[in-house]
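A.B. asks: If you scroll down you'll find the structure; I have some questions about it.
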Amino acid sequence: MSKNRSDRHPSRQMTNTTTNRSSLSPLSRVHQRPVSSHRSSTRSMASSNTSHSRVPRSIQIEPGLQALLTAEGQAAEMIANARAKRKELLRRAQHESQVELEALRQERAFQYTIKLREATQLEQFQSKLDADRQTVLAQMKETMRKERKSLIHYIVHRVIDDIPIQSHPNAKRVTLNSGK
1 MSKNRSDRHP
11 SRQMTNTTTN
21 RSSLSPLSRV
31 HQRPVSSHRS
41 STRSMASSNT
51 SHSRVPRSIQ
61 IEPGLQALLT
71 AEGQAAEMIA
81 NARAKRKELL
91 RRAQHESQVE
101 LEALRQERAF
111 QYTIKLREAT
121 QLEQFQSKLD
131 ADRQTVLAQM
141 KETMRKERKS
151 LIHYIVHRVI
161 DDIPIQSHPN
171 AKRVTLNSGK
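Each step along the sequence shown adds one to the number in UniProt numbering, with nothing skipped, and position 6 is 6.
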């Protein structure tokens, strides 16, 4: 009965585990940690900071590891925030580029309609000029057909009758003397 009571006492269990550990090899002793089943009266440094857990002192994480885990959590949170910001920036940039692209399309469509209108106006103007030219040519041909004989007579009369015939200044003067 005393043996059972001594086995149940926490301090005796610690000594039992230390005796069991001494029989292990040095390498396996490094990886073994003593675990007590009851709460220790002295608090560890890690538990006095912010941890109020009921985990025994020997299982609690050392302060350096706790700081590393906290820093790792903060880094993961910062990375998640940065990724979220990047996604938001990409989404916003894509939206802005779509807006700019639509504005550019509308501007180009407006410029195209202006150019098309100008081109059709030029074509209309050109077709009007062609029609006017054809009309004038038709009138000239009709007038020429009607007055052809009088026109030929006028041209011949002006050339032959009204212009006196003079010899060229460089031509020899030949006098026609009949008896000399």
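Beta carbons: idealized from backbone N, C-alpha and C, even for Gly.
Given the structure is predicted, the values throughout are model-derived calculations rather than measurements.
Would you give the residue range spanned by the alpha helix (DSSP H) that residue 158 belongs to?
C.D. replies: Translated into the one-based positions of the sequence shown, residue 158 becomes position 158. Neither: residue 158 is in no alpha helix (DSSP H) and is coded neither H nor E.
A.B. asks: Quick check: what's the CA-CA separation for residue 119 versus residue 128?
C.D. replies: The residue labelled residue 119 in the question sits at position 119 within the sequence shown. The residue labelled residue 128 in the question sits at position 128 within the sequence shown. Cα-Cα distance, rounded: 14 Å.
A.B. asks: Please confirm whether residue 69 and residue 79 have their CB atoms less than 9 Å apart.
C.D. replies: Residue 69 sits at position 69 when you count from the first residue of the sequence shown. Residue 79 sits at position 79 when you count from the first residue of the sequence shown. No.
A.B. asks: Under three-state DSSP, which class holds residue 95?
C.D. replies: As a first step, residue 95 is located in the sequence shown; it is residue number 95 there, counting from the start. Correct three-state label for residue 95: helix.
A.B. asks: In the structure shown, what three-state DSSP assignment does residue 172 receive?
C.D. replies: Against the sequence shown, residue 172 aligns to sequence position 172. Correct three-state label for residue 172: coil.
A.B. asks: Could you check the C-alpha separation between residue 136 and residue 142 for me, to the nearest Å?
C.D. replies: Along the sequence shown, read from residue 1 onward, the residue named residue 136 stands at position 136. Along the sequence shown, read from residue 1 onward, the residue named residue 142 stands at position 142. Rounded to the nearest angstrom, the two C-alpha atoms are 10 Å apart.
A.B. asks: Using C-beta distances below 6 Å, list every residue in its chain close to residue 93, excluding the 5 sequence neighbours before and after it, in chain order.
C.D. replies: Locating residue 93 in the sequence shown gives position 93, where the first residue counts as 1. Here the set comprises nothing.
A.B. asks: Determine the DSSP secondary structure at residue 166, reduced to helix, strand or coil.
C.D. replies: To locate residue 166, count along the sequence shown from 1; it is residue 166. Coil.
A.B. asks: Tell me the rounded alpha-carbon separation between residue 171 and residue 165.
C.D. replies: Position 171 of the sequence shown, counted from the first residue, corresponds to residue 171. Position 165 of the sequence shown, counted from the first residue, corresponds to residue 165. For residue 171 and residue 165, the distance between alpha carbons rounds to 13 Å.
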